[in-house]
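Trainee: Numbers 12 to 395, taken from our numbering, label the letters of the sequence shown in order.
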Amino acid sequence: MPLRTQVTGVLAAGLLVAAATPTAFAAAEDSSARPGDVVSSAPTAFHPLPGQWTNTKAWHITYRSTTAKGGPNVVSGTVIVPNDGRTGPRPLVTYAVGTVGMGDSCAPSAGFPYGTTIEATLINQIVQRGWAVAVTDYEGLGTPGDHTYTVGRAEGTAVLDAARAAQRLGIPGVSAESPVGIMGYSQGGQASSWAAELHKSYAPELKVKGTATGGVPADLMKVAHFNDGGLGSGLIFMAAAGQDAAFPELRLDTYLNPAGKALVDYFKSNCVAIDSVTGSFKKITDLTVKNPLEQADWQSRLNESRLGTVAPDAPVYLYHGTVDELIPYGVGEGLRDDWCGRGASVSWHALPLLGHIGGVTVGALPAADWLGDRFAGRPAADNC
């Protein structure tokens, strides 16, 4: 991304956050506010690539949601609607993006006006079907505080509340009657899967027809051990920082040596493209004075984000590349087995010879087609 575009995006994101902050904190303290209530909204633009025009209307929003500990928070996001004149109910997809980084400038909403959000081309494919899309920035990404990266419950509530917020904006055709789909891959796969598991207990009024989710890091302990010292080792330290943001009593800083502290500080203000290079091929033991993964409190918090303990109450389309170099294929199979064992309706799709990036690019279209069938009322195939 050119430096000028980066600076412009950072300034724009900063202005949006600064404008929303006083109201955001007031909403978090307002006992009458509900999760999904809109705190602020402002027109924005949606460009899949720099300068690429789309016939859409878009709003940058902040909305009320819930932390991993059950407290109130405020999250930012974007709602995108085709500008096609349709006024009757249209499907609404609440979309969870994959890893973008931990700095506020990395938030999807910061990149949409400039065509620099990584998954915007995939989101555009959904919008072109005539569906509305709500894209959460997640907790602490585009709003005050650190991003609670990989904290499953906080991600899941942010995804569900983005749908609620979109329905409460007063957009013609997007209302409580809209059928809802949930979609995401990688970190977005974790977030969308958590939203699927939380739907019945947290947001049962949403008319969720199905969840399309892929490359899911369903077991963070297994993913961490797999990546230790490898290509995705930086993700371990980003995840540790995210868990520490949600649960400061974990005291990550006390486990890091000076090199580890410098790396985590760097991650907190940068985006995934540079993070993935900077953080690669590092061992946990090289950056810590004591391995947090060996501590009971860390293990407990990481296992709280484990998926597969609750059966989603709507059908699921689950896909995973067989040679995924970041999220082991066996983790995806394990999630399938756990959900199937609990009676969920799962359409499982192994993607032969595809890695992590190949999985999202190849898997997105059939996943969206599957959601289209759910919106059309067709029965979901189950291959458990």
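Note that beta-carbon positions come from the ideal geometry of N, C-alpha and C, so glycine has one too.
Keep in mind it's a predicted model, so treat the numbers as computed, not measured.
1. Within this structure, are the beta carbons of VAL357 and LEU329 separated by less than 7 Å?
2. For a test of the three-state rule: what should DSSP assign to CYS395, helix, strand or coil?
3. Suppose the cutoff is 7 Å on Cβ atoms and the five residues either side in sequence are ignored; what does the same chain contact list for GLY366 look like?
4. So, do the stretch 202 to 210 and the stretch 69 to 85 have three or more beta carbon pairs nearer to each other than 8 Å?
5. Would you decide whether GLY109 is buried or exposed? Buried here means 16 or more other CB atoms lie within 10 Å of its CB.
6. Going by C-alpha to C-alpha distance, which of SER197, ALA223, ARG97 and THR105 sits closest to ASP230?
7. For PRO83, list the residues DSSP reports as bridge partners.
8. What is the C-beta distance between ILE182 and THR105, in whole angstroms, given that I count them as a contact (C-beta under 8 Å)?
9. What residue does the alpha helix (DSSP H) around HIS236 start on, and which one ends it?
10. Check for me: the beta strand (DSSP E) holding PRO54 runs from which residue to which?
11. With DSSP collapsed to three states, give me the class of GLY195.
12. Excluding the 5 residues preceding and the 5 following PHE292 in the sequence, name in chain order all residues of the same chain whose CB lies nearer than 8 Å to its CB.
13. Secondary structure at ARG389, three-state DSSP: helix, strand or coil?
14. If we count the other Cβ atoms within 10 Å of its Cβ and call it buried at 16 or more, is THR320 buried or exposed?
15. Can you tell me whether DSSP reads LYS68 as helix, strand or coil?
16. Report yes if the CB atom of GLY221 is closer than 7 Å to the CB atom of LEU382, and no otherwise.
17. Could you give the DSSP three-state label for SER358: helix, strand or coil?
18. Could you check how far apart the C-beta atoms of PRO323 and TRP350 are, in whole angstroms? I think they sit under 8 Å.
19. Leaving aside the five residues before and after VAL275 along the sequence, list all residues of the same chain whose C-beta is less than 6 Å from its C-beta, in chain order.
20. Tell me, please, which residues DSSP counts as bridged to LYS218.
21. Strictly by DSSP, which residues pair up with THR105?
22. Would you check if the distance between the CB atom of VAL219 and the CB atom of LEU103 is smaller than 7 Å?
23. For PRO390, count neighbouring Cβ atoms within 10 angstroms of its own Cβ and tell me buried if that reaches 16, exposed if not.
24. Below 7 Å between beta carbons: does that hold for VAL170 and THR147?
25. Over the uninterrupted alpha helix (DSSP H) stretch that includes LEU346, give me the two end residues.
26. Leaving out five residues before and five after GLY99 in sequence, what residues of the same chain have Cβ atoms less than 8 Å from its Cβ?
27. Among VAL92, THR289 and PRO363, which one has its Cα closest to the Cα of SER189?
28. Which stretch, first to last residue, makes up the beta strand (DSSP E) that contains GLY332?
29. Does the distance from the CB of LYS280 to the CB of GLY114 come in under 7 Å?
30. Check the DSSP bridge columns for THR224 and list the partner residues they point to.
Mentor: According to the data block:
1. Mapped onto the sequence shown, residue 357 falls at position 346. Mapped onto the sequence shown, residue 329 falls at position 318. Yes, they are a contact pair.
2. Within the sequence shown, numbered from 1, the residue matching residue 395 stands at position 384. Note: CYS395 maps to coil in three-state DSSP.
3. In the sequence shown, the residue the question calls residue 366 occupies position 355. Cβ neighbours of GLY366 beyond the five flanking positions: GLY332, VAL334, ASP335 and GLU336.
4. In short, these stretches do not touch, since the Cβ pair count stays below three.
5. In the sequence shown, residue 109 corresponds to position 98, counting from 1. So GLY109 ends up on the buried side.
6. As a first step, residue 230 must be located in the sequence shown, where it is residue number 219. Ranking SER197, ALA223, ARG97 and THR105 by Cα distance to ASP230 puts SER197 first.
7. Working through the sequence shown from its first residue, we reach residue 83 at position 72. BP columns for PRO83 point to THR77.
8. Position 171 of the sequence shown holds residue 182. Position 94 of the sequence shown holds residue 105. At roughly 14 Å, the Cβ-Cβ gap does not stay under 8 Å, so ILE182 and THR105 are not in contact.
9. The sequence position of residue 236 within the sequence shown is 225, counting from 1. First-last of the alpha helix (DSSP H) with HIS236: 231 to 238.
10. Counting from 1 along the sequence shown, the entry for residue 54 is found at position 43. Per DSSP, PRO54 belongs to the beta strand (DSSP E) from 49 to 55.
11. One-based indexing of the sequence shown puts residue 195 at position 184. Correct three-state label for GLY195: strand.
12. Position 281 of the sequence shown, counted from the first residue, corresponds to residue 292. Taking PHE292 as the centre and dropping the five residues before and after it, the same chain places the C-beta of GLY240, GLY241, LEU242 and SER244 closer than 8 Å to its C-beta, in chain order.
13. Position 378 of the sequence shown, counted from the start, is the residue given in the question as residue 389. When DSSP states are grouped into helix, strand and coil, ARG389 belongs to the coil group.
14. As a working note, residue 320 is residue 309 in the sequence shown. With fewer than 16 neighbouring CB atoms inside 10 Å of its own CB, THR320 falls in the exposed class.
15. Taking the sequence shown and counting its residues from 1, the one referred to as residue 68 is at position 57. Assigned with DSSP and collapsed to three states, LYS68 falls in strand.
16. Here residue 221 refers to the residue found at position 210 of the sequence shown. Here residue 382 refers to the residue found at position 371 of the sequence shown. In this structure, GLY221 places its C-beta atom within 7 Å of the C-beta atom of LEU382.
17. For the purposes of this step, residue 358 is identified with residue 347 of the sequence shown, where counting begins at 1. Three-state result, SER358: strand.
18. On the sequence shown, residue 323 is found 312 positions in, with the first residue counted as 1. On the sequence shown, residue 350 is found 339 positions in, with the first residue counted as 1. The C-beta separation of PRO323 from TRP350 comes to about 7 Å, placing the pair in contact by the 8 Å criterion.
19. Walking along the sequence shown from the start, residue 275 turns up at place 264. Cβ neighbours of VAL275 beyond the five flanking positions: PHE248 and ALA252.
20. Translated into positions along the sequence shown, residue 218 becomes position 207. Paired residues: PRO190.
21. Within the sequence shown, numbered from 1, the residue matching residue 105 stands at position 94. In the DSSP output, where bridge partners are listed per residue, THR105 has ALA145 and ILE193.
22. Walking along the sequence shown from the start, residue 219 turns up at place 208. Walking along the sequence shown from the start, residue 103 turns up at place 92. No, the pair does not count as a contact, with Cβ atoms beyond the cut-off.
23. Residue numbering aside, residue 390 sits at position 379 when the sequence shown is read from its first letter. Classification for PRO390: exposed.
24. Sequence index remark: in the sequence shown, residue 170 carries index 159 (1-based). Sequence index remark: in the sequence shown, residue 147 carries index 136 (1-based). Taking 7 Å as the Cβ cut-off, VAL170 and THR147 qualify as a contacting pair.
25. Locating residue 346 in the sequence shown gives position 335, where the first residue counts as 1. Element bounds for LEU346: 340 to 352.
26. Here residue 99 refers to the residue found at position 88 when the sequence shown is read from its first residue. Apart from sequence neighbours up to five positions away, the residues of its chain that approach GLY99 with a beta-carbon distance below 8 Å are GLY184, ordered along the chain.
27. Taking the sequence shown and counting its residues from 1, one reaches residue 189 at position 178. The shortest C-alpha separation from SER189 is found at VAL92.
28. For the purposes of this step, residue 332 is identified with residue 321 of the sequence shown, where counting begins at 1. It spans 327 to 332 - the beta strand (DSSP E) in which GLY332 sits, taken as one unbroken run.
29. Taking the first residue of the sequence shown as position 1, residue 280 is located at position 269. Taking the first residue of the sequence shown as position 1, residue 114 is located at position 103. In the sequence as displayed, the identity of residue 280 is Ser instead of Lys. In contact: SER280 and GLY114 (Cβ atoms closer than 7 Å).
30. Position 213 of the sequence shown, counted from the first residue, corresponds to residue 224. Looking at the DSSP assignment, THR224 forms a beta bridge with GLY195 and LEU329.
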